[in-house]
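Structure first, commentary second.
Protein chains: 2
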Amino acid sequence: MSQRVKTGIVMLNLGGPGTLDEVEPFLLELFADREIIQLPAQRWLGPFVARRRAPAVRELYAKIGGGSPILHWTRLQGEGMVERLDRLSPETAPHGFYVAFRYASPKSEDALRAMEADGVERAVAFTQYPQFSCSTTGSSLNELWRAAGRLRLRDRFRWSIVDRWPVHPGFVEAMTDTVRRGLERFPAEERDQVLILFSAHSLPLRVINRGDSYPQEIGASVQAVMTRLGFSHPWLLSYQSEVGPVPWQGPSTEKVIRELGTKGRTHLLVVPIAFTSDHIETLSELDLEYGELAHKVGITSYVRAPALNDDPRFLDALADVVHEHLRSGDAHSVQYPVRCPGCVNPQCRNILNPVGI
Amino acid sequence: MSQRVKTGIVMLNLGGPGTLDEVEPFLLELFADREIIQLPAQRWLGPFVARRRAPAVRELYAKIGGGSPILHWTRLQGEGMVERLDRLSPETAPHGFYVAFRYASPKSEDALRAMEADGVERAVAFTQYPQFSCSTTGSSLNELWRAAGRLRLRDRFRWSIVDRWPVHPGFVEAMTDTVRRGLERFPAEERDQVLILFSAHSLPLRVINRGDSYPQEIGASVQAVMTRLGFSHPWLLSYQSEVGPVPWQGPSTEKVIRELGTKGRTHLLVVPIAFTSDHIETLSELDLEYGELAHKVGITSYVRAPALNDDPRFLDALADVVHEHLRSGDAHSVQYPVRCPGCVNPQCRNILNPVGI
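Taken in sequence, the protein lines are chains A and B.
Take any residue in the first sequence, count from 1 to its spot, add 6: that is its number in my numbering.
Take any residue in the second sequence, count from 1 to its spot, add 6: that is its number in my numbering.
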């Protein structure tokens, strides 16, 4: 048996199918989550839509190597973070990390069972989404508490939450460095023609209009990165990955790329500002789909900035976020308990068995 | 004749009717501006809508003292700014300020004529909107260049532009101080119940979807103020003043106030984050209309943070923005020349006779 873990850090994220066989189960989970997608007669329509979309989505995953690399990156991030935390914060060591994906394995149950086995008492739910949205971090946290209830582990751990870190200096520095590395991929003599396009996952306007804080925090992240970069290049912000018939927050990344090409822009650096690891939205949507579109509309130099993945600066940032959080003694941010003004979810903004109470 | 002015600073803003008689002319100008409002057959429908709305708008101005105080505040701001600049930057002194409102007197022509009379050679077009939008700063700049053409003054001045300052440290500090003063208006023992609601003027989604940078910059301003405030209270961001049948960026301030009341919130501090002076949107919409709404929905303690107006910290900030700008030697920000990807305005992002070329 391994050494007992004193502080367990649960890394919350969306997750992704590791193999092509896992695509349909992943979509079934996604379309069953009423905190992110509301369909009429969801118990029947959800599986129907998921199964109908599965073949096309399988094809996309086949093109990026047969599965999502998000678990691979999350594990490397967890290892790097924990190793640094053991050095930074010996009083809370040994630290362990536990991956809890929302729609793929390992899930919240897997994380909680492993924490119990490791003898964890102090637990930190650490969202891997830098900017908070009820659709992402909110849904993951709610599922974590539900899973603890299902496993009868409601009183097993003392919890605190890192629920957002949109302008954490280490994150901003690491993200700025990905922009710098992206810029270096343009020939030096053409570099001043580059426009930087920050792209974030979109949200339905219904979610925005409830009062979700996501677009405010995205705007802040973008400004922080550009400030750190010394405003060396002009930039835009757009939103990607909208699906279905409902209206989404714009401007749409796809539409922006098309329009920029039409207006004669030739050099574009796309920066995923709301994801920390490569996954389908970077490798397929940004690299393949929009790369092809860019080429078609005359953007001859199209570069996507590297994801943070296992960049040592980012591992430093992850460790620093948790270290600062542990030192603060706070159970959560001042924002976390404030439900969206238009919230319709009876279960939200909870915390199980919090520290300091 | 007064002393010749070496550096003229044009303070661009929306403006407002100074008296009730000026309400209709103001609305006629506003509804004629195709850069902000597009109506079918605008030459006929614009005046029709303006005249139909005039009586109701006159009534609103009557309730806030018979006119907009925006010229009063802008003049005090200009005087304070110029006096500070003469001390900070003797090499560009004497400085003069010239108010150029978009829809009320004094207009761009008035400013340009006064600059000519004062012998100005070096001119700075300084937007009084901290966050850039094509609908506000963009429209004002375009009108300024057109007015210079109409007056045959195209080559009379060497121009540079301060086109945005959403996170300027002096602005952030002054804005944070208005939040602190707002918080002090709640009894000390109730202060920790306060939710801060930042409210910015909304934009039609059509403008947002063209790629206008306004919401990104608003998000950055909000984050900067909350960082400066040490995240002492939770906050939300909403958008106010939407009119007409088209969809606008949400969440709507009015709807948010209603929902917060319904959810049992009793202490609310509203902070106008995109305006620097009191005018109809603060004195009438936020104070009277939403104040009454808040009372109705159970928000027993509703406070609106003071506008920056002639706060000495804000006058320091205005002077510092211009001083930094003059020292940089830049004609404009790196963002200014980049048109929105979906721009449909043939005349935009220009600068007349720029410095340094």
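Quick reminder that beta carbons are idealized off the backbone N, C-alpha and C, glycines included.
Please read all numbers here as calculations on a predicted model, not as lab measurements.
**Item:** Selected residue, minimal CA-CA separation from L274 of chain A, among A:E30, A:I76 and A:H239
**Value:** A:H239
**Message:** Less than 8 Å between C-beta atoms, sequence neighbours within five positions excluded: which residues of the same chain meet that for E196 of chain A?
**Reply:** Result list for E196 of chain A: H273 and S307, in chain order.
**Request:** Check each candidate in A:I357, A:V361 and A:L242 and name the one with the smallest Cα separation from L150 of chain A.
**Result:** A:I357
**Request:** Just grab the DSSP bridge partners of R132 of chain B for me.
**Result:** It is Phe, not Arg, that sits at residue 132 of chain B in the sequence shown. Answer by DSSP bridge pairing, in chain order: B:M17 and B:V168.
**Request:** Report all residues from its chain with a CB closer than 7 Å to the CB of T288 of chain A; omit the five preceding and five following residues, and keep chain order.
**Result:** P278, F281, R310 and A313
**Selection of the stretch 260 to 278 of chain A by Cβ proximity to chain B, strictly under 9 Å** = K261, V262, I263, R264, E265, L266, T268, K269 and R271
**Item:** Within 9 Å of chain B by C-beta, residues of the stretch 218 to 230 of chain A in sequence order
**Value:** D218, S219, P221, Q222, E223, I224, G225, A226, S227, V228, Q229 and A230
**Prompt:** So, is H301 of chain A buried or exposed, given that buried needs 16 or more other C-beta atoms within 10 angstroms?
**Reply:** Residue environment: H301 of chain A is assigned as exposed (fewer than 16 neighbouring CB atoms within 10 Å of its CB, all protein chains considered).
**Message:** Measuring alpha carbon to alpha carbon, tell me which residue in A:I76, A:K69, A:E248 and A:W254 is nearest I214 of chain B.
**Reply:** A:W254
**Prompt:** In three-state DSSP terms, what is L266 of chain A?
**Reply:** helix
**Asked** Over what stretch of residues does the alpha helix (DSSP H) that includes V361 of chain B continue unbroken?
**Response** In this chain, V361 of chain B is not harboured by any alpha helix (DSSP H), its DSSP state being neither H nor E.
**Request:** Kindly list the residues whose CB is nearer than 6 Å to the CB of M181 of chain B, restricted to its own chain and excluding five residues on each side of it in sequence; keep chain order.
**Result:** Cβ within range, chain order: V231.
**Prompt:** List, in order along the chain, the chain B residues whose C-beta lies closer than 7 Å to that of L289 of chain A?
**Reply:** Those within 7 Å of L289 of chain A in chain B number zero; the least Cβ separation is about 24 Å.
**Request:** Can you tell me which of the three DSSP states K379 of chain A falls into?
**Result:** Outside the displayed span of chain A (7 to 363) sits residue 379 of chain A, for which this structure offers no information.
**Request:** State the Cα-Cα distance for the pair S219 of chain A and S145 of chain B, rounded to the nearest angstrom.
**Result:** 29 Å
**Request:** Taking G335 of chain A as the reference, give the member of A:A129, A:V16 and A:V63 with the closest Cα.
**Result:** Taking only the C-alpha atoms, the option nearest G335 of chain A is A:A129.
**Prompt:** Given L33 of chain A, which residues of its chain have a CB within under 7 Å of its CB, disregarding the five upstream and five downstream residues?
**Reply:** Within the same chain, L33 of chain A has close Cβ partners A56, R59, A60 and V63.
**Message:** Closer than 8 Å between beta carbons: that is the criterion. Which residues of the stretch 161 to 186 of chain A meet it against chain B?
**Reply:** P172 and V173
**Request:** Excluding the 5 residues preceding and the 5 following W1 of chain B in the sequence, name in chain order all residues of the same chain whose CB lies nearer than 8 Å to its CB.
**Result:** For residue 1 of chain B there is no data in the structure shown, the boundaries of chain B being 7 and 363.
**Request:** Could you check the C-alpha separation between Y109 of chain A and G22 of chain A for me, to the nearest Å?
**Result:** Answer to the nearest angstrom: the Cα atoms are 7 Å apart.
**Message:** What would DSSP say about S283 of chain B, mapped onto helix, strand or coil?
**Reply:** DSSP places S283 of chain B in coil when its eight states are reduced to three.
**Request:** Going by CA-CA distance only, name the one from B:G236, B:G348, B:R319 and B:P352 that's closest to H174 of chain B.
**Result:** Checked all of B:G236, B:G348, B:R319 and B:P352; the closest Cα to H174 of chain B is B:R319.
**Prompt:** Taking 8 Å as the CB-CB cut-off, is V213 of chain B touching chain A?
**Reply:** no
**Asked** Mind listing which residues of the stretch 235 to 260 of chain B have their C-beta closer than 9 Å to chain A's C-betas, in chain order?
**Response** F237, S238, H239, P240, W241, L242, L243, S244, P253, Q255, G256, P257 and S258
**Request:** Please confirm whether E41 of chain B and N351 of chain B have their CB atoms less than 8 Å apart.
**Result:** yes
**Item:** Burial state of F107 of chain A, where buried means 16 or more other Cβ atoms lie within 10 Å
**Value:** Buried, since its Cβ has 16 or more Cβ neighbours within 10 Å.
**Prompt:** Where does F177 of chain B land, buried or exposed, given buried means 16+ other C-beta within 10 angstroms?
**Reply:** By the 10 Å Cβ count, F177 of chain B comes out buried.
**Asked** Given a threshold of 16 other Cβ atoms within 10 Å of its Cβ, counted over all protein chains shown, does V252 of chain A qualify as buried or as exposed?
**Response** exposed
**Request:** Return the residues of the stretch 323 to 351 of chain A that lie within a Cβ-Cβ distance of less than 9 Å from chain B, sorted by chain order.
**Result:** S339, V340, Q341, Y342, P343, V344, R345, C346, P347, G348 and C349
**Request:** Please work out which residues of its chain come closer than 6 Å, Cβ to Cβ, to E330 of chain A, disregarding the five sequence neighbours upstream and downstream, and give them in chain order.
**Result:** none
**Request:** Kindly list the residues whose CB is nearer than 7 Å to the CB of D284 of chain A, restricted to its own chain and excluding five residues on each side of it in sequence; keep chain order.
**Result:** P75, W79, A313 and N315
**Message:** Between A:G72, A:A99, A:D198 and A:L324, which has its C-alpha nearest R81 of chain A's C-alpha?
**Reply:** A:L324
**Request:** Would you tell me roughly how many angstroms separate the C-alpha atoms of A50 of chain A and F37 of chain A, rounded to the nearest one?
**Result:** First, the amino acid is wrong: residue 50 of chain A is Trp here, not Ala. Approximately 10 Å between the Cα atoms of the pair.
**Cα-Cα separation between L20 of chain A and F237 of chain B, rounded to whole angstroms** = In a straight line, the C-alpha of L20 of chain A is about 28 Å away from that of F237 of chain B.
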